[in-house]
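J.: In case it helps, the UniProt record's numbering puts the sequence shown at residues 1 to 445. Using N, Cα and C, we set each Cβ at its ideal position, and we do this for glycine too.
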Amino acid sequence: MPTEILMPALSPTMEEGTLAKWLVKEGDTVSSGDLLAEIETDKATMEFEAVDEGVIGKILIEAGTEGVKVNTPIAVLLEEGETADDIGKASAPAEAKANPEETSKAAPAPKEAQKGPQGEVSPAPASPKGADGERIFASPLARRIAAQKGLDLATLKGSGPHGRIVKADVEAAEAAPAKSAEAAPASAAAAKPAAATGGMPTGLSTDAVLKMYADRDFEEVKLDGMRKTIAARLTEAKQTIPHFYLRRDIKLDALMKFRAQLNKQLEGRGVKLSINDFIIKACALALQSVPDANAVWAGDRVLKLKPSDVAVAVAIEGGLFTPVLRDADMKSLSALSAEMKDLAGRARDKKLAPHEYQGGSFAVSNLGMFGIDNFDAVINPPQGAILAVGSGVKKPVVNADGEIEVATVMSVTLSVDHRVIDGALGAELLKAIVENLENPMVMLA
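Structure (C-alpha cells):
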C-alpha cells in the first residue's frame, strides 16, 4: 500500500521548514539512501534521504513552499506494482498515534551529521501485531527483509517516524542479534529546550506599526525563518533569563607579542592565529579551572558539563550562527584556529549541521573588529554565560611599579545567568579568563 513521505525534523527543535527543492520527480524510482529533497530550516539548508525503495507516485508539497510543519505529508511512495490509482489508500500519520515526544524521537538527523537512518515515511496500515496485541509499524522494505532473514518485527525497536521500523533497524538487528532493542537510537526529545516560546515576540501589532509610518517612505522586509528564530529566542532570553554583568579590562601587550612570535614560527605551515583563537582557548581553560561555572540551565535543574564546549558568534548575511568548538580545552591553538575557520566558512554558506551549532555551555561574541569598545551580549539559552569582547585600545595604565605607561587594553563583559552562576562564581570565572589572556604562555602548559 502507498505510504506517505513526511516533512522531516532536521533538529530536535525544528517545528517547520521550507521545502526548498525536490531532487526527485513523480515517476522516479528511489532506493534507501537516495536523496529526496533539500529542506531549509532557520539555520541551514540540508538534504534528506529515503529509507524505503519505491516509486515517487505524487508530490504533495511544491518546491519553494514555506512554513511546512514537521510530519506533514509531502509526497507519496508507491511499492512495486502500485499505480497512481492507489494513492488515495496511502496511510496517514495519525494512525501512528504519535505524541509530541514520539515525534521528537522520530526526528531524523541531517545528512551531514547522520549516524542512523533518515526518511519520513509514515506507518503502513497493514501491520502485524506484537505479543501484546499492539500493531507493529514497519516499512514495506523492512518487512520484506525481516521475512527473508527470519526476524520477528515484534522484537525490534524502530528509529523511523513515530517509532516505525525501517530497513536500517532490520539490518542492525541482523548484524547484532544479541543486542537488546533497548539499543535503539536515543530520543532527541532529551535535547528539547526547557523553555521554548513557540511564537514571535509580542509588542505593537503589525497594523499599528504600518499605520504609524503610513506617511513615510519605507521598504517592507519579510522575516525569514532565521530572523523569526533569532527574534523569538532573544526575546525569550531577555524575558526569562536573569542576566547580570561583570566587566574587566585586559592588558593585551604580552598576548600580542606572544601571538606574533607563534605566527612567525607557524608561517611555514600556513597557520595564522587570531586574537579570537586565544580568547576561545582562554575561556575553555577557565571553564576547567572553575568547573562549577561550566554549566547550563535545564528547566528545573542545572547541568554541570565536564568538557569545555565553547560557542562562537559568527555574523552572516541576515543573521548569525553560534557554531560550537567542542572539547576546546583539549585542542591546540592551531587546531582551534583551523576548526574555527572551517565552521565560520560553512556558517556563512549555511552548510552547518544542527549538531555543529547546538549545545555548548559558554559563548564568545567579539565585536572588537568593528571598533566597539564594550557591549552587553544576550545569553543564548540554555548556556550559562557569554563573553562580549571589545576592541584593543591604547590607554594609559598604572603598572606594578606605580608608574604610568601606555598599554593595549581590551574591555570584556561577561553576561551571566544568575540561575546557573552566582556573582562570586562568575567573578572567579572572569578572573581566570583574564589571567589566561594576560599570561598567554600558561595556555600552552
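Mind checking which residues open and close the beta strand (DSSP E) that includes residue 290?
T.: Where residue 290 is concerned, there is no enclosing beta strand (DSSP E), given that its DSSP letter is neither H nor E.
J.: Here's a check: name, in chain order, each residue in its chain whose Cβ is nearer than 7 Å to the Cβ of residue 248, leaving out the five neighbours to either side.
T.: In the same chain as residue 248, and ignoring 5 residues on each side of it, the C-beta atoms closer than 7 Å to its own belong to 412, 430, 434, in chain order.
J.: I think residue 408 touches residue 252, with their Cβ atoms under 8 Å apart; what is that distance to the nearest whole Å?
T.: 4 Å
J.: Among 220, 276, 313, which residue has its Cα nearest to the Cα of residue 230?
T.: For residue 230, the nearest C-alpha among the options comes from 313.
J.: Taking DSSP as the reference, what is the three-state secondary structure of residue 346?
T.: Helix.
J.: Taking only beta-carbon positions, decide if residue 394 is within less than 8 Å of chain B.
T.: As a matter of chain content, chain B is missing from the structure shown, which is built from one protein chain.
J.: Going by the beta-carbon positions, is the gap between residue 414 and residue 246 smaller than 8 Å?
T.: yes
J.: For residue 198, collect the residues of the same chain with a Cβ closer than 7 Å to its Cβ; drop the 5 residues on either side in sequence, then sort them by chain order.
T.: Any answer about residue 198 is weak, because its pLDDT of 45 lies below 50 and its placement is not dependable; what the coordinates show is given next. Here the set comprises nothing.
J.: With a CB to CB cut of under 6 Å and the five nearest residues on each side skipped, what residues in its chain are close to residue 305?
T.: Counting only Cβ-Cβ distances below 6 Å, and skipping sequence neighbours, we find 294, 361.
J.: What alpha helix (DSSP H) runs, 4 residues minimum, are completely inside the UniProt domain "Lipoyl-binding" (2-78)?
T.: DSSP runs (the alpha helix (DSSP H)) wholly in the UniProt domain "Lipoyl-binding" (2-78): none.
J.: Would you call the CB atoms of residue 22 and residue 44 closer than 8 Å?
T.: The answer is no: Cβ separation not under 8 Å.
J.: Would you call the stretch 39-59 and the stretch 73-81 touching, i.e. three or more CB-CB distances under 8 Å?
T.: yes
J.: Apart from the five residues on each side of it in sequence, which residues of its chain come closer than 6 Å, Cβ to Cβ, to residue 395?
T.: 409
J.: Nearest to residue 368 by alpha carbon, out of 349, 389, 47, 384?
T.: Residue 368 has its Cα closest to that of 389, out of 349, 389, 47, 384.
J.: Excluding the 5 residues flanking residue 65 on each side, which residues of the same chain have their C-beta closer than 6 Å to its C-beta?
T.: 19
J.: If you reduce the DSSP assignment to three classes, tell me which class residue 362 lands in.
T.: strand
J.: Under the assumption that residue 218 contacts residue 255 (Cβ atoms under 8 Å), give the Cβ distance between them as a whole number of angstroms.
T.: In this structure, residue 218 and residue 255 do not form a Cβ contact; the two beta carbons are roughly 45 Å apart against a cut-off of 8 Å.
J.: Near residue 320, which residues of its chain fall below 8 Å by C-beta distance, leaving aside the five closest residues on each side in sequence?
T.: Excluding positions up to five away in sequence, the list reads 230, 313, 314.
J.: Please report the distance separating the alpha-carbon of residue 210 from that of residue 153.
T.: 58 Å
J.: Residue 296 and residue 383 look like a contact to me (Cβ under 8 Å); what is the Cβ gap, rounded to whole Å?
T.: About 6 Å separates the two Cβ atoms, so the contact holds.
J.: Smallest Cα separation from residue 303: which of 381, 432, 334, 244?
T.: 381
J.: In whole angstroms, what is the alpha-carbon distance linking residue 276 and residue 25?
T.: The C-alpha of residue 25 is placed about 46 Å away from the C-alpha of residue 276.
J.: Residues in its own chain within less than 6 Å of residue 190 by CB, not counting five upstream and five downstream?
T.: Here residue 190 scores only 38 on pLDDT, less than 50, and its place in the model should not be relied on; the value that follows carries that caveat. Scanning its chain for C-beta atoms nearer than 6 Å, with the 5 sequence neighbours on each side dropped, one finds no residue around residue 190.
J.: Which same chain residues end up closer than 7 Å to residue 326 when comparing Cβ atoms and leaving out the 5 residues on each side of it in sequence?
T.: Taking C-beta separations shorter than 7 Å and ignoring five residues to either side along the sequence, the partners of residue 326 in its chain run 307, 309, following chain order.
J.: Let me make sure I understand the geometry here. Which of 402, 31, 385, 418 has the alpha-carbon closest to that of residue 365?
T.: Ranked by how close their Cα comes to the Cα of residue 365, the residues 402, 31, 385, 418 have 385 in first place.
J.: Which same chain residues end up closer than 6 Å to residue 337 when comparing Cβ atoms and leaving out the 5 residues on each side of it in sequence?
T.: 273, 277
J.: Please tell me whether residue 49 and residue 33 are closer than 8 Å, where the distance is taken between their beta carbons.
T.: yes
J.: Quick check: what's the CA-CA separation for residue 83 versus residue 27?
T.: Rounded to the nearest angstrom, the two C-alpha atoms are 10 Å apart.
J.: In whole angstroms, give me the CA-to-CA distance for residue 379 and residue 29.
T.: 47 Å
J.: What is the rounded straight-line gap between the Cα of residue 100 and the Cα of residue 71?
T.: Caution applies to residue 100, whose pLDDT of 39 falls short of 50 and renders its modelled position unreliable; the model cannot decide the point.
J.: Kindly provide the ranges of any alpha helix (DSSP H) runs that are 4 or more residues long and lie completely inside the stretch 198-252, ordered along the chain.
T.: 206-212, 225-240
J.: Can you tell me where the beta strand (DSSP E) holding residue 405 begins and where it ends?
T.: 404-417
J.: If you compare alpha carbons, which of 159, 173, 158 is closest to residue 150?
T.: Residue 150 has its Cα closest to that of 173, out of 159, 173, 158.
J.: Do you know offhand how far residue 289's Cα is from residue 423's?
T.: 17 Å
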